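Engineer: Okay, here's the structure, questions in a sec.
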Amino acid sequence: MAESKRPTSRSPEVIEIAAEKLAPEVAKWCNEPVNDEIREGLVSALRYGTDGYKLARELEDKWYISPDAELVEILEGASSIVWDAERQAVAEWVKTNGIAADLPIETLVETPHGTGVIRDKSEEQATYTVCIPEHAERSTGYIGTIYPVEKCKVVEVAQ
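Here it is in structure tokens:
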């Protein structure tokens, strides 16, 4: 298994990617070219979450600006930008570390939330969609829960 940890929405590399993607819109709002101060301000603010209003308040405190509805709307996009950045960072991590979702569909696995059967998998993200019977009983339309491969252990079935 990999020596480094799977990137998350709070990982520095994810925050850096997201800040880089948000910077042009924020710079436009500020009537400035994209610069290190904008990038660094976004990196700092994104460490605390992705709520547009809270991000605007964080930038207000850092830059002494008066955020308006337009800036809040720009920053509301942070959530999906961070999600995309996380997927991008995970895909790179999977590739770099040779992580593989190599268990077959229908394999019985133990997860942090119970035992279930793999119903689907993502090679790019190195995840399994696992159907845990107890969850299916409590939820209409439940297909499965997505788990990283490193959180799934094969259950040996006695013959």
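Anchor point for the sequence shown: position 34 equals 34 in the numbering used here, and the numbering is continuous, going up by one each time. The beta-carbon is built from N, C-alpha and C at its ideal position, and this holds for glycine as well. Because the structure is a prediction, the values reported are computed rather than measured.
How do the segment 46-59 and the segment 71-84 stand: do at least 3 beta-carbon pairs fall below 8 Å, yes or no?
Structural biologist: Yes, they touch.
Engineer: Quick one: give me the first and last residue of the alpha helix (DSSP H) that K95 is part of.
Structural biologist: Note, K95: alpha helix (DSSP H), 78-97.
Engineer: Smallest Cα separation from E110: which of E16, L46, E156, K28?
Structural biologist: Looking at the Cα atoms, E156 is the closest of the given residues.
Engineer: Give the C-beta separation of E86 and V14 to the nearest angstrom, bearing in mind that I take them to be a contact with Cβ-Cβ under 8 Å.
Structural biologist: Going by Cβ atoms, the distance from E86 to V14 rounds to 5 Å, so yes, they are a contact pair.
Engineer: Looking only at its chain, what residues have a beta carbon closer than 7 Å to the beta carbon of P7, apart from the 5 residues adjacent to it on each side?
Structural biologist: If we look at P7 and ignore the five residues flanking it on each side, its Cβ neighbours are E13, V14, E86, A89, V90, W93.
Engineer: Can you list, in chain order, the residues of its chain whose CB lies under 7 Å from that of I143, leaving out five sequence neighbours each side?
Structural biologist: For I143, where only same-chain residues beyond five positions count, the Cβ hits under 7 Å are R119, T129, C131.
Engineer: Can you find at least 3 beta carbon pairs, one from the segment 15-27 and one from the segment 39-52, that sit closer than 8 Å?
Structural biologist: Output reads yes: the segment 39-52 touches the segment 15-27.
Engineer: Apart from the five residues just before and just after V117, which ones in its own chain have a Cβ nearer than 8 Å to its Cβ?
Structural biologist: E106, T107, L108, V109, V130, C131.
Engineer: Whose C-beta lies closer than 7 Å to the C-beta of A136 among residues of the same chain, with five residues either side of it excluded?
Structural biologist: Within the same chain, A136 has close Cβ partners Y142.
Engineer: With 16 other CB atoms within 10 Å as the buried threshold, where does T50 fall?
Structural biologist: It counts as buried.
Engineer: Can you grab the Cα-Cα spacing for the pair A27 / P33, in whole Å?
Structural biologist: Approximately 6 Å between the Cα atoms of the pair.
Engineer: Can you tell which of V149, W83, S80 has the C-alpha that lies nearest to the C-alpha of P112?
Structural biologist: Checked all of V149, W83, S80; the closest Cα to P112 is V149.
Engineer: Are the CB atoms of A101 and K121 within a distance shorter than 7 Å?
Structural biologist: For K121 and A101, yes; Cβs fall inside 7 Å.
Engineer: Roughly how many angstroms separate the alpha carbons of K62 and T127, rounded to a whole number?
Structural biologist: Their Cα atoms are separated by approximately 38 Å.
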